[in-house]
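Novice: Just so we're aligned, residue 45 is where the sequence shown starts under our numbering, counting upward by one.
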Amino acid sequence: MKSFSCDCGQRLFFDSEACVKCGAVVGFDVSTMSMCRRENRDPCVFPCRNNEEFGVCNWFVERAGDYCFACRFNRTIPDLSFERNLTRWKRLENAKKRLIYTLLDLDLPLVSGFETTSQGLLFDFVEDERSNSHFAGEVHNTGYSSGVITINVAEADDVAREAERIAVNEYYRTLLGHLRHESGHHYATFMPMTNHEEFVELFGDPDEDYQASLERYYAHGPPSGWQENFISAYASAHPSEDWAESWGHYLHIHDVMDTAASTGLWQEDPGGTIEERIRQWGELSVVLNELNRSVGQTDTYPFVLNSNVKEKLAFVDRFVRTLKRSPSDQAGR
Ligand SMILES: [Zn+2]
Ligand SMILES: [Zn+2]
Ligand SMILES: [Zn+2]
């Protein structure tokens, strides 16, 4: 992500709501893809309706009372009759907006399912019986189906998410990671059949029995030596999961390298080829891990990019380039 600053010179963050130096109300303006002060904007901007009603959004809109570009993707918001869900929702919104920023930054097609009948995207933020007895009989797993990304809101609870991370033996589990992964399933629906053969060669047959594969994975774990072929153990569960994991990592790498360059942490030109960017990412991720270890934290990026994974990332990169939006897709932001 780019670095932003207030007109007074103070640094602003993507989730800032006010400038800590001059006190100006600030927010994100999607038309310029930047953080800005609310006053002196032309055209005038207003807070998103989800800011006025719930305080969970810092994006601006051009017409008072509207939902912002990002909030127009929400089909189901957390049940706010439970007080704790407001905080969880705010965390979910924050991660969702970071995902949306990256998708727009990559010029990918991105339209709310409320505004199109084909290949739109929506989000359901739902709770189930595992975290709230009020929802007895309901089970909602984080996942993607027919244009809808579902996130169990308990994932926005640090204790619950960390418990699940340990239970399923993962190194890394975050809201942003979930969202980036699920968006990979969405963009897979944009893949032309001409890419099919190459996809199968790299990831395997996406039509392999999904339910059976997942059951096998959860019963027996990943195959031994999975590290040589996959970015994560879960990627070995099914070719579609391998794709979504690879896609998610492509977005991680894109965003972190962008942030590192924008803040001055990384001064090498990432260059035009994916191979060069992956090479630099290898160096940068070591720096990030060492920085974290210096303050006693776990690794920022606990993954190894082997040559098979690099080929998969290169495939994602070629696909992303073919997906670049036509100018007409950009209307209505
Ligand atoms: Zn300021
Ligand atoms: Zn909003
Ligand atoms: Zn998945």
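The beta-carbon is built from N, C-alpha and C at its ideal position, and this holds for glycine as well.
1. Helix or strand or just coil, what does DSSP make of asparagine 273?
2. Return yes when the C-beta of tryptophan 133 is under 6 Å from any heavy atom of ligand 2, and no when it is not.
3. Is any heavy atom of ligand 2 found at a distance shorter than 6 Å from the C-beta of asparagine 94?
4. Is the beta carbon of alanine 114 less than 7 Å from the beta carbon of lysine 141?
5. How many Å lie between serine 60 and isoleucine 193 at the Cα?
6. Let me confirm a value: aspartate 286 is counted as buried when at least 16 other C-beta atoms fall within 10 Å, else exposed. Which label applies?
7. Give me the Cα-Cα distance between valine 183 and cysteine 52, rounded to the nearest whole angstrom.
8. Would DSSP call alanine 139 helix, strand or coil?
9. Under the rule that 16 or more other beta-carbon atoms within 10 Å means buried, what is valine 360, buried or exposed?
10. Taking the straight line between their C-alpha atoms, what separation do you get for phenylalanine 158 and leucine 165?
11. Taking contact to mean 3 or more Cβ pairs, one atom from each stretch, closer than 8 Å, check whether the segment 128-147 and the segment 93-101 are in contact.
12. Taking the C-alpha atoms as reference points, what is the distance between leucine 295 and phenylalanine 347?
13. Which parts of the segment 259-318 are runs of the beta strand (DSSP E), unbroken and 3 residues or longer, counting only runs that do not cross its ends?
14. Return the CA-CA distance between valine 330 and tryptophan 310, expressed in angstroms with no decimal places.
Specialist: So, to answer that:
1. Position 229 of the sequence shown, counting from 1, holds the residue named residue 273. The answer is coil: DSSP assigns asparagine 273 none of H, G, I, E or B.
2. Along the sequence shown, read from residue 1 onward, the residue named residue 133 stands at position 89. Result no, Cβ not under 6 Å from ligand 2.
3. Walking along the sequence shown from the start, residue 94 turns up at place 50. Yes - ligand 2 has a heavy atom lying nearer than 6 Å to the Cβ of asparagine 94.
4. Here residue 114 refers to the residue found at position 70 when the sequence shown is read from its first residue. Here residue 141 refers to the residue found at position 97 when the sequence shown is read from its first residue. Yes; because the gap between Cβ atoms is below 7 Å, this pair is in contact.
5. The residue labelled residue 60 in the question sits at position 16 within the sequence shown. The residue labelled residue 193 in the question sits at position 149 within the sequence shown. Whole-angstrom Cα-Cα distance: 26 Å.
6. By one-based count along the sequence shown, residue 286 stands at place 242. That one is buried.
7. Looking up residue 183 in the sequence shown gives position 139. Looking up residue 52 in the sequence shown gives position 8. For valine 183 and cysteine 52, the distance between alpha carbons rounds to 49 Å.
8. In the sequence shown, counting from the first residue as 1, residue 139 sits at position 95. Residue state, collapsed to three classes: helix.
9. Here residue 360 refers to the residue found at position 316 when the sequence shown is read from its first residue. It is buried - the Cβ of valine 360 has at least 16 other Cβ atoms within 10 Å.
10. One-based indexing of the sequence shown puts residue 158 at position 114. One-based indexing of the sequence shown puts residue 165 at position 121. So the two alpha carbons sit approximately 8 Å from each other.
11. yes
12. What you label residue 295 is simply residue 251 of the sequence shown in a count that begins at 1. What you label residue 347 is simply residue 303 of the sequence shown in a count that begins at 1. Their backbone Cα atoms lie some 14 Å apart in a straight line.
13. none
14. The sequence position of residue 330 within the sequence shown is 286, counting from 1. The sequence position of residue 310 within the sequence shown is 266, counting from 1. Rounded to the nearest angstrom, the two C-alpha atoms are 12 Å apart.
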